[in-house]
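Colleague: FYI, the numbering for the sequence shown is 207 to 1055, going by my numbering.
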Amino acid sequence: MFPTSIKMHTLSLLVTLISFLGQIHIAAAYTPVDNYLIDCGSLTNTSVFTRTFIADNPSSSWTLSAPKSILANTTTSNAIASSDAPALYQTARIFTSSSSYTFPIQNPGRHWVRLYFFPFTYQTFNLANASFIVSAQDTILLNSNQLSPTNTTFKEFSLIIGSGSFALSFAPLGSSIAYVNAIEVVSVPDNLITDDASTVAPPVKYEGLATQTLETIYRINMGGPKVFPSNDTLSRTWVPDQGFLLQKNLARSVPYSGTINYGNGGSTEDTAPDTVYSTVTEMAQVSVSVANGNFNVTWEFSLRSGSTYLVRTHFCDIVSTALNTLYFNLYIETALAIRDLDLSTIAVNTLASPVFMDFIVKVTDGSGKFRISVGPSLDIQNLIPNAILNGLEIMRLSGADASTTGTASKKGSGHGVILGVVFGVLAVIVVVALVLCVMRQRRKTKRRHSKTWVPISTTNGVSQSLGSRFSNGTVATTASSAFYGNLNFRFPFAALQEATNNFDESCVIGVGGFGRVYKGVLRDATKVAVKRGNPRSQQGLTEFRTEIEMLSNFRHRHLVSLIGYCNEGSEMVLVYEYMEEGTLKSHLYGCDLPNLTWKQRLEICIGAARGLHYLHTGSAKAIIHRDVKSANILLDENLMAKVADFGLSKTGPELDQTHVSTAVKGSFGYLDPEYFRRQQLTEKSDVYSFGVVLLETLCARPVIDPTLQREMVNLAEWAMKWLKKGQVEQIMDARLVGDVRGSSLRKFAETVEKCLADYGVDRPAMGDVLWNLEYALQLQEAAVAAAAGDGNAEEDSTNRIPELAPRVELAGGDLESVTVIKEEESLGQDLSGVSMSKVFSQLVKSEGR
C-alpha cells in the first residue's frame, strides 16, 4: 500500500492535469442566433477567450438611445487584473440621463443577459458613487447597491425575450450617473430551463419555471477546477467548490477519464460541460473519526433571506464500478430532498450518465446562510457508505414568490400512512360522487339542449348566471379549489377561441407583460377583453393566480371586473369586461384621439383614486396595487375610469407592521424611490405612482422620454423642479390653456407635489388624494359657473363653491355616498390653499351624488 501522502500527491497531479486540459480544450459551442457582445466605451474590438466583444459603436444591428453619455477608460489595476476578462473592465460607457441599448431579436425565447461593472474614476466621474437601476422589459434587473464599490462585478440573468426588439435600460437616480463596462445578450436553448421543479418540506410540484426571470448567484463545479467560458458550450463560468465546503476533511475530489454518456438521463452537453460531470466530490473514507461513515458532506452559501431560488443539482455516477451499488440522500437545508437516490436507475441502467434535478427553495433563515448536503443512505444495508455531487447552480427567481401546485409526496410515519390511506379513500369516494354528478348533469343538459352557464354562489350567497353564451350546449365548469372559490365562471378555451376568431391578430387591443389582450364577442353579443398568457412572458402562474385572487374578492365600480378565466393545459387566459375607450395613456399621448378637457381629466383621476382608495381600505388588510400607471387605468364608453392589472398586487402589512418586505417590482418611471431603495412596500408606494399618473394627465407626455433633453427625460424629476418654483403653467399640456382655472390647477399641483414626496410618511393617504382631486374639480366647476353667471367675475372666483362637509368613510372605503353635514366654514374666500390636514372634509356637488 502506498502512503497517504503519495496518494494525495498523485490525486493533486491528476486534478491539475484535468484543469490544464480543460483550459486548452475548446467546447463544441452551441451557436446562438442572437449574439450581441459589446465592450462598452471601447473604440476597438476586444477578444476574450474564443469570443470577440465589438466596439461600442451603434450600427444597424443594434442602437443606443442616450441623450448624453461618455466613453471612459482606465489603466489596468490589481482589481481588474485578477478578473477573468480584465480587458472588458478597462473601458465603460457613462450615462448622465436615462438611456438604453436596443437589440433586434431574431430568435424569441430564453437569452442570457450578462453585465460587467468596474467602478473606476474617470475625469470628474467616480463610478463608485453611481446610483442607478438597470431594467429590461419593465423588469428591474439590478440596482447599483448590488455592485462592488472597489472590485469588478459580473451579473448574469436568464430571461425570456419576445420577438421584435429588446431594450436594456440604464437610469440614474436623482442627479447621479449610471455606467456599464460590457454587455452580452445571447440566445440559449429554450429547454435549458424546464417548466417544473419540486419544492422541499413538503415535496410539492412547482410549475411555471420556464417563463421566470432568473439571476445566477452561484455556479459550482464540485471536485474539479474552474471552468472558463471557452470550455462551456454556453460560455458559462463554473468555480471550484473548495471554498464552500464546511468540513474539507470529510470530502475528497475524484476525477474521471472515461466517456460521459449523454442522452440517457436527460442532461446534454448544454446542461453542463464535460468537466463538471467528469469530476465529483464524494465522502472521504474517515471511518476512524466518524463511526460507520455516518456523516454528510456539506456546502454553505450566502443567500438573500426572503427570496426564492432555483437550486439545480448535477449528478453523474463516475465512482461506482457496478450498477445499484451507490445509494445516498440529498439534503437542502435541514429537509430531506431525495431519499435513497440510485443514479443508475434514473439513467436507464447506465453508469457515467449525467442527470440534473431542480428544486424551488425559499430562504427564510434571517442569517442568509444556506446549506446543501449529501450523505449515505440510512435504509440500504451492506453497502459502502458514500454520496456524491458533481455540480450545483443556484439562481434567484427575480421578484417571484414560490407558487406550487400538486400534492405532497413525502414519506411519513405509520400514523401518517394510515391517515393518508383514510383520506385517500375518502377522496376517491368524493371524486366518484362528483364524476357521477357531472355525468348526470351533462345528460340532463344534453336532453334540454341548455344554453346557459352553470351558476355558482358568490360570496354574498347570490346565485349568478352569465345567461345564454353559447348555442352548442357547452357547460362551464366552476373552479374546484378554494383558490378560485369566489370567481364566477371558468371558460372553456374553445369558447374563447370562438369569441376572438381564434385569437386573430386584428382583435389585439393591447400587449402587456402577461401577454396580448384581444377584443372578443360572446354569442350573446357581450363584448369582453381576453388576456391570453404568453408562455414566453416574464409573468406567469404567480401573476395569473394573483389577478384572479384580487378581482374575485373585490368588486367596485372603479375596478375592472373579471368575468372569468381559463386554465386548460398550458393556456392561462383571463376574461374581463370590455372597456370601450381603452387606456388613459392612449388618450393623453401617442394616439390620434380627441383631446380630454380639464374636467374630464379630473373626473378620470378621481375615478382611479376611488378604485385605489377602495383597495387600500376595503378589507381588513390593505391591497397594494404595485403597478399603478396610466396604461392600467381603463375608460368605459362614458370615460369612467377603472383600475386594471392586479398581477403584481400584494397584501399590505399586518396591524403590528409598517411595511411588507418584498422584491422590487413595478414599471420604470412610476416606481417609488423609497420602495426601490429599501424594498419596503406600503400603500404610499401606490400614492407615489399615482402622483406620476397625475403628472402625465397634466403634461400629456411619457414618464420617460429619452428623445428629450437630459433634464426633461424623467417626467417626475423635471416636473417637480417647476412645481417647487410654483410655475406649474410651464409644464402643463398646451391644449389645456384657456380651459383650466387657476385655483383648480394650483390645488392639483399641490396634490401632485405631496404625492411625490421622497419619503412615504410625507405623502398623503389615497383617501386624502381623492379629497383633494374632488376639491380641484369643485374649484374648476365653481369658477366656470361664476364666470358664466357674471362676465366680469374673476377667473378664480369661489363665490359659488358648494358647502363643505366632513368626510365620512364608509365600510369598504367607498366615498361615493357620504352623509352631508353643514360645516361652519366661510366660503367667501379662495379655498384652493386649504390644507387637507386642517379641514377634514369633502366637497359635495350641489346636485348630489
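Ideal placement from N, C-alpha and C gives every residue a C-beta, glycine not left out.
Would DSSP call R577 helix, strand or coil?
Modeller: R577: strand per DSSP, three-state reduction.
Colleague: Which residue comes first and which comes last in the beta strand (DSSP E) that contains Y782?
Modeller: It spans E777 to E783 - the beta strand (DSSP E) in which Y782 sits, taken as one unbroken run.
Colleague: For the segment 462 to 469 and the segment 551 to 565, state whether three or more C-beta atom pairs, one from each stretch, are separated by less than 8 Å.
Modeller: Flag = yes, the segment 462 to 469 and the segment 551 to 565 touch.
Colleague: So does the segment 321 to 335 actually touch the segment 289 to 302, counting three or more Cβ pairs closer than 8 Å?
Modeller: yes
Colleague: Should the segment 341 to 353 be called in touch with the segment 259 to 278, which here means at least 3 C-beta pairs below 8 Å?
Modeller: no
Colleague: For T422, I'd like the list of residues in its chain whose CB is within less than 6 Å of its CB, leaving aside the five on either flank, ordered along the chain.
Modeller: E362 and M601
Colleague: Please determine, among D476, L452, G449 and D480, the residue with the shortest C-alpha to C-alpha distance to P461.
Modeller: D480
Colleague: Determine the burial state of K791: buried for a count of at least 16 other Cβ atoms within 10 Å of its Cβ, exposed for fewer.
Modeller: buried
Colleague: Which of the three DSSP states, helix, strand or coil, is assigned to L598?
Modeller: strand
Colleague: I need the straight-line Cα distance from T803 to P238, nearest angstrom please.
Modeller: 51 Å
Colleague: Out of T570, R518 and T356, point me to the one whose CA is closest to S288's CA.
Modeller: Looking at the Cα atoms, T356 is the closest of the given residues.
Colleague: Distance check for L818 and E880, CA to CA, integer angstroms please.
Modeller: 20 Å
Colleague: In three-state DSSP terms, what is H621?
Modeller: Model confidence at H621 stands at a pLDDT of 42, short of 50, so the residue's coordinates are unreliable and nothing is read from them.
Colleague: Restricting to Cα atoms, I'd like to know which of S248, I389, L976 and Q936 is closest to H764.
Modeller: The residue from S248, I389, L976 and Q936 with its alpha-carbon nearest to that of H764 is L976.
Colleague: Going by DSSP in three states, V990 sits in which element: helix, strand or coil?
Modeller: helix
Colleague: Please classify I389 as buried or exposed, where buried requires at least 16 neighbouring CB atoms within 10 angstroms.
Modeller: buried
Colleague: Under three-state DSSP, which class holds L321?
Modeller: strand
Colleague: On the DSSP letters alone, give me the boundaries of the alpha helix (DSSP H) that E786 sits inside.
Modeller: Unbroken run through E786: none, as it is neither H nor E.
Colleague: Beta carbon of I594, beta carbon of V580: below 8 Å?
Modeller: Their beta carbons are under 8 Å apart, which means I594 touches V580 by this criterion.
Colleague: Starting from the Cα of T400, find the closest Cα among A416, K411 and G739 and give me that residue.
Modeller: A416
Colleague: Starting from H520, follow its DSSP beta bridges and name the residues at the other end.
Modeller: F562 and G597
Colleague: For P435, name the three-state secondary structure that DSSP assigns.
Modeller: The answer is helix: DSSP assigns P435 an H, G or I state.
Colleague: Alpha carbon to alpha carbon, how far is V503 from K871?
Modeller: 38 Å
Colleague: Return the chain-ordered list of same chain residues with a C-beta closer than 8 Å to the C-beta of I830, the five sequence neighbours on each side being excluded.
Modeller: L821, H822, S855, K856, T857, G858, V866, L887, T888, E889, S891 and D892
Colleague: Please find out if some non-hydrogen atom of the ligand ADP comes closer than 7 Å to the beta-carbon of L294.
Modeller: The ligand content of the structure shown is nil, which means the ligand ADP is not present either.
Colleague: Report the rounded CA-to-CA distance for Y236 versus L321, giving the unit in angstroms.
Modeller: 20 Å
Colleague: Following the continuous alpha helix (DSSP H) through A285, name the residue where it begins and the one where it ends.
Modeller: N284 to A287
Colleague: Given this structure, state the Cα-to-Cα distance separating I339 from V899, to the nearest angstrom.
Modeller: 21 Å
Colleague: Within the continuous alpha helix (DSSP H) that includes N537, where are the two ends?
Modeller: According to the sequence displayed, residue 537 carries Tyr and not Asn. Element bounds for Y537: not the alpha helix (DSSP H) but the beta strand (DSSP E), F534 to I538.
Colleague: Determine the direct distance from the alpha carbon of G726 to that of Q670, and round the result to whole angstroms.
Modeller: Residue placement at Q670 is poorly supported in this model, since its pLDDT is 32, which falls under 50; the coordinates still yield a value, given next. Straight-line Cα distance between these residues: approximately 21 Å.
Colleague: Could you compute how far the alpha carbon of P378 sits from the alpha carbon of R884?
Modeller: 17 Å
Colleague: Look at the Cβ atom of R510, then the Cβ atom of G574, and state whether they are nearer than 8 Å.
Modeller: yes
Colleague: Name the residue from A850, Q587 and F450 whose alpha carbon lies nearest to the alpha carbon of N500.
Modeller: Answer by Cα proximity: Q587.
Colleague: Can you tell which of E488, D851, F507 and R425 has the C-alpha that lies nearest to the C-alpha of L532?
Modeller: E488
Colleague: Looking at C-alpha atoms only, which residue of N920, F954, E923 and G716 is the closest neighbour of E935?
Modeller: F954
Colleague: Compute the beta-carbon to beta-carbon distance between A847 and A826, rounded to the nearest angstrom, for a pair I have assumed lies under 8 Å.
Modeller: Their Cβ separation, rounded to whole angstroms, is 26 Å, which puts A847 and A826 out of contact at 8 Å.
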